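Those protein sequence lines, which keep their order, are chains A, B, C and D.
One point on numbering: in our numbering, the residue at position 200 of the first sequence is 1665, and numbering is uninterrupted.
One point on numbering: in our numbering, the residue at position 149 of the second sequence is 1614, and numbering is uninterrupted.
One point on numbering: in our numbering, the residue at position 193 of the third sequence is 1658, and numbering is uninterrupted.
One point on numbering: in our numbering, the residue at position 201 of the fourth sequence is 1666, and numbering is uninterrupted.
Protein chains: 4
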Amino acid sequence: MSSLQDTIAAVRQEVCRLHAELTRYQLVVWTAGNVSGRIPGHELMVIKPSGVSYDDLTPEQMVVTDLHGVPVDSITTGTGQTISWHNPALSPSSDTAAHAYVYRNMPEVGGVVHTHSTYATAWAARGEDIPCVLTMMGDEFGGPIPVGPFALIGDDSIGHGIVETLKHSNSPAVLMQNHGPFTIGKDARAAVKAAVMCEEVAKTVHVSRQLGEPLPIDEAKIASLFDRYQNVYGR
Amino acid sequence: MSSLQDTIAAVRQEVCRLHAELTRYQLVVWTAGNVSGRIPGHELMVIKPSGVSYDDLTPEQMVVTDLHGVPVDSITTGTGQTISWHNPALSPSSDTAAHAYVYRNMPEVGGVVHTHSTYATAWAARGEDIPCVLTMMGDEFGGPIPVGPFALIGDDSIGHGIVETLKHSNSPAVLMQNHGPFTIGKDARAAVKAAVMCEEVAKTVHVSRQLGEPLPIDEAKIASLFDRYQNVYGR
Amino acid sequence: MSSLQDTIAAVRQEVCRLHAELTRYQLVVWTAGNVSGRIPGHELMVIKPSGVSYDDLTPEQMVVTDLHGVPVDSITTGTGQTISWHNPALSPSSDTAAHAYVYRNMPEVGGVVHTHSTYATAWAARGEDIPCVLTMMGDEFGGPIPVGPFALIGDDSIGHGIVETLKHSNSPAVLMQNHGPFTIGKDARAAVKAAVMCEEVAKTVHVSRQLGEPLPIDEAKIASLFDRYQNVYGR
Amino acid sequence: MSSLQDTIAAVRQEVCRLHAELTRYQLVVWTAGNVSGRIPGHELMVIKPSGVSYDDLTPEQMVVTDLHGVPVDSITTGTGQTISWHNPALSPSSDTAAHAYVYRNMPEVGGVVHTHSTYATAWAARGEDIPCVLTMMGDEFGGPIPVGPFALIGDDSIGHGIVETLKHSNSPAVLMQNHGPFTIGKDARAAVKAAVMCEEVAKTVHVSRQLGEPLPIDEAKIASLFDRYQNVYGR
C-alpha cells in the first residue's frame, strides 16, 4: 500500500473519531455539524458524508474530495502511477464547499470544523463579536472571536467570508452571521479543540453578561497570554 | 405473515426506537412525550403506550389504533380476509386523540411527535412565535415557528389547533399555547428530527435574545434557504 | 422470612434504585439529595445513608428508622414476637428529621424526596411561588408550587414548614425558602416523579419569564386539568 | 516497597480517579482543569500531566513534583536511604506553580483543584463575590465565595492571590478574576467536592438573580449552618 493510501486511511480514522467530540460536548444535534482534514502534500481533503448520524459514522464513509469539494477516488502521480482508494456511495457534507475554500486559500490550515453550537450561534445571530474577557480566551483566541458576513450556501460566499474574517484576527474561530461558528487548526484535532473552546467561552461570557458587564482585560495582557500559550506552552 | 403484519412490526420497531432520540436530546422527562407513526395504506397508526418509562419500552408494547385512537388488533380486508396482531394490555398515550386527528386531516403526514421540551415550551407559555433568525431555521422551518391556540385535552380541540396552525405555515412544528410543541413529518423519523431541531432553535434564539435583538433575515433569503433544503438538498 | 422483612427488603431496593433517577435528571450533585419510603402498616421508614455517593449505594445500606428518625433494627409485635433485620453501620441522611416529621403528620404520604435542584432552588432563594402557566403544571401540581418558610436544620422546623405549606395546596412540592424543594407522594416513586416534574416546570417557567410574562391559565381550566389527571387519567 | 512508595501510588490513584468527577459534573472541557494532592509528611505533591485528555489519564501518568512544581523521582531520607519511583515523560500541568504555592503556604491543605467551570467563571469575569443566599452555601462555604485578584500565569502571582484571598474567608473556593475558580480541601477529594459545590451554587444564585433579588440569610444563621456542618455533621 502506498504512503498516500496509508495517509488517507489515517486521516479518515481521525476525522471520523473526532465527530464523537462534537457530540460529547453537545456542539451538534442530529447531523448538523462536520469535521474535515487535509491530506498533507496533496490537493485532497477528507470530510463527513451528508445526512449520516454521528452514531453510524465509520472511517470508510468519510469522503475524499479535491479542494473544490469534488469526490475523488484516484490520482495520477507525476511519474504516471495511478493511486486509488474506495469512496463511499455517499455525498460529502453540504458544507463541503466552505471547507474546500478554506483549504485552497489558507495553506497553513490542516483541519476545519463547522457546528451550530448554541451559544456561539446566539452571538452570531446578533452579529456580535465575543469580547475577550477571560484568560482562557487570551490563551486560545488572542482577542475577540469575530463575526463574519451573512452568506448563503451554494457558492463560495461562505468560504470567502470565513477566510477574509480570519485573515485579520488571531482567532481560529469565526461566527458566521445568523449561521454559526467555523473553526480552523493545524490539523483536524486542533480545529475541533477550537470549536469546543469557542462554545465554552461563548457560553461563559454570555452568562457573565447576563448580570452585568465583565471586566475588560487590557490588550497587552491578552497579547502576553496568547504569546505564551502559542509559543512557550507550545500549543 | 402478511405484508400488513410485516409493516406493523417495522413501524413498531421504528416508533419504539425513536423514543431514545427524545431522551438523548433531553426533550422529555419521566414519560412526558410521545412518538407515533402511520401504517401506510391503512386507517391505522402506532403510538407509545401510556405511563411506560422510556427505558422499558419494547416494540411489542407500541399500541396499534385506528385513526380515532381506538386500539385495534385485527382488520378485515375487502376480500373478507381477517388479519390480526397482538396489542399490549396497555392504553395508548393520553395524547393519542391529538395524533389521530392529525393523521385524519393531513394525509401527507406519516409521523407525529409531542414533547414539553423546555425552550419550545417557554415560547409557548408566552404565546410567542419563534422568529426565523437562523439559517438553520430557514432550512428546516422556512419561517417562524408558529403558536397554536390554548386547548384542553379531552376532545379534538388540540388536534384541530395543530392542523389549523400548520396548514398556514411552512413549519413542521407548532407550539401549542401554555402546553408545548407538536411536530409532523413524512414519517416518524422526520417528525422526531423536527422535534429535535425545534428545541435547538427555540434555545438558540432564546439565548440570542437574552442580550439584545437577533438580526433579521429577509424573507427572500429565507425562501431561498427553505427551497434549496427541501428540493435541491432533498430533505 | 416474615412479611415485614420482605417489605423492608422491597422498600430498600426501591428507595436505593430511585436515587438513580435523581442523578439521571441532574437534580443532585455529590451527595446533596435523598429519597425515603414508608414501611406501610408500621411506624418505620427507609432512607438514604449520610455521605455515601450515589454510585456506591446498595439496598442493604438504606437505613431503617422509626418515625422520629432513630435507626431501628428490630420490633416486637403485639403477640410478643421479635422481628429483626440488619441496619448498616451508617447514619441516616442529615435530612431524616424532616422526612420523619412528614410521615408522622401526613399519614397519606408514602414517600418523600429532598433535592437542591437548580431552578427550583433559584425560586426558593427569592421566596417566590412558581405560577401555574403550563398545562403540565395543572396536571401535576394543580396550581402554583408554593414557598415554605425559612427554617434551620436541627429540630422539627423544616418538617413543620413542609407540612403546614402542603396542607393548604394541591401541590406535592414545596420550595423551602433559601433551601430547596421537598416533594411527597403516595410512595417513593411518586415523590421522585414530583421532584423531577418540579425541576422541569421550575426551569421552563423561569426560561419563559426571562423574555416576558407567560400567559396565565384561568383557575377553572387548572382545576379541570388537575381533576382529570388525578381521577380520569388515574395518577 | 517503602511506605512512601505506597503513599505515592495511593495518591496517584486517587488524583487520577478524581478527574472523572470534573467531567461527570461538566466542570471542564478538553484538558482545561486539574486536580492535585499532597503527599503527607513530605515536600511532595501529585498533579495531572499537561495536555492529556481526561479519558486517557492513568495513575502512572500523574506527575510527582516538589512544592516548587519541579518533577522529582527520588528523595534521600535523613538516614541516607534513597527512595525512588517512576515519573512519566510528561510535563506537570501548566497550573502547577499555583498549586505548589498553595501547598507551601497553607500547610493544612491536602488537595487543590482548578477549573474554568462556566457559572463560577462568569462571576469571576465580573469580579463579583457570590453572595451567601442558600443554606447549602452556609453549610459548605460559611459566607460568600470571594473573588481573588487578576493575575497572569508565569510566576507566583496566581498562587499568592489564592492564598491571600482564602486566608480571610471561610470559603474553600476563590474565584480568580477573569480566570476561574481554585478550591482547596484537607485532601484531593474534599477539594473536588468544593469545586463541584462552587459551580452548583454559582449556577443556582445566578439563575435566582436573573429574575430578581434572592432573599438574604442573616449572618448569625450562616454562622450556625457553617458551624454545625463543619463540627456536628463532621465534614
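Think of the CB as a built atom: it goes at the ideal place given N, C-alpha and C, for glycine as much as any other residue.
These figures come from a predicted structure and were not determined experimentally.
Secondary structure of residue i, DSSP reduced to three states
i        : result
F1615(C) : coil
R1700(A) : Confidence is the limiting factor: at R1700(A) the pLDDT is only 45, short of 50, which leaves the residue's position unreliable and the question unanswerable from this model.
S1539(C) : strand
A1682(B) : Residue identity check: residue 1682(B) is Ile in the sequence provided, not Ala. I1682(B) falls in the coil class under three-state DSSP.
A1638(A) : strand
P1514(C) : strand
D1471(B) : helix
E1570(B) : It should be pointed out that residue 1570(B) corresponds to Asn in this sequence rather than to Glu. Helix.
K1522(D) : With the sequence shown as reference, residue 1522(D) is identified as Leu, and Lys is not the correct amino acid for it. Correct three-state label for L1522(D): coil.
V1500(A) : strand
L1599(C) : coil
D1604(C) : helix
S1689(D) : helix
T1583(B) : helix
L1483(C) : helix
D1594(C) : coil
Between the CA atoms of residue j and residue i - distance to the nearest angstrom
i        : j        : result
M1602(C) : L1640(A) : 38 Å
L1631(B) : P1637(B) : 7 Å
S1582(A) : L1492(B) : 17 Å
Y1584(B) : A1667(B) : 5 Å
P1679(A) : H1625(C) : 43 Å
G1619(D) : P1524(D) : 27 Å
Q1695(B) : A1660(D) : 47 Å
E1684(A) : A1653(A) : 29 Å
K1513(A) : G1534(A) : 12 Å
G1543(B) : T1472(B) : 18 Å
R1700(C) : V1476(C) : With a pLDDT of only 46 at R1700(C), under 50, the local geometry of the prediction cannot be trusted, and the value read off the model is given with reservation. If you take the alpha carbons of R1700(C) and V1476(C), they lie about 20 Å apart.
V1511(D) : L1690(D) : 33 Å
G1498(C) : I1623(B) : 38 Å
G1502(C) : H1484(D) : 34 Å
D1621(A) : R1674(C) : 41 Å
V1480(C) : H1579(C) : 13 Å
H1564(C) : M1662(D) : 23 Å
P1609(A) : G1575(D) : 38 Å
S1634(C) : K1686(D) : 29 Å
H1507(D) : D1521(D) : 28 Å
Where the beta strand (DSSP E) through residue i begins and ends
i        : result
R1674(A) : Run containing R1674(A): none in the beta strand (DSSP E); it sits in the alpha helix (DSSP H), 1653-1675.
H1579(C) : 1576-1579
T1648(D) : 1645-1650
S1559(B) : Here S1559(B) belongs to no beta strand (DSSP E), and DSSP marks it neither H nor E.
T1530(A) : 1528-1531
T1547(B) : 1547-1549
Residue nearest to residue i in terms of C-alpha spacing, selected from the options
i        : options                                : result
D1538(B) : T1544(B), A1554(B), G1608(B)           : A1554(B)
E1665(D) : R1654(D), G1677(D), L1690(D), F1606(D) : F1606(D)
V1529(B) : F1647(B), P1596(B), I1540(B), A1616(B) : I1540(B)
R1489(C) : C1597(C), G1608(C), P1611(C), Y1519(C) : Y1519(C)
P1611(A) : I1623(A), L1617(A), D1594(A), S1622(A) : D1594(A)
V1517(B) : I1682(B), V1500(B), I1504(B), L1509(B) : V1500(B)
R1693(C) : T1600(C), I1649(C), P1614(C), M1571(C) : T1600(C)
D1707(A) : D1521(A), L1522(A), T1547(A), A1562(A) : No answer is possible for residue 1707(A): it lies beyond the span of chain A, which begins at 1466 and ends at 1700.
S1559(C) : D1604(D), W1550(D), K1651(D)           : D1604(D)
T1496(D) : I1682(A), A1655(A), K1686(A), V1672(A) : A1655(A)
M1527(C) : L1487(C), Y1566(C), N1570(C), R1482(C) : R1482(C)
R1569(A) : Q1478(A), A1688(A), L1509(A), F1647(A) : L1509(A)
N1552(A) : S1515(A), M1571(A), P1536(A)           : P1536(A)
G1592(A) : Y1566(A), L1617(A), H1644(A)           : H1644(A)
L1469(D) : C1597(D), K1658(D), I1504(D), E1573(D) : I1504(D)
T1547(C) : S1467(C), E1629(C), G1677(C), H1671(C) : S1467(C)
A1589(A) : I1627(A), Q1478(A), Y1566(A)           : I1627(A)
C1597(A) : P1681(A), E1629(A), G1650(A), L1487(A) : P1681(A)
Y1566(C) : V1672(C), V1494(C), E1629(C)           : E1629(C)
Limits of the alpha helix (DSSP H) - the one that residue i falls within
i        : result
S1622(B) : 1622-1632
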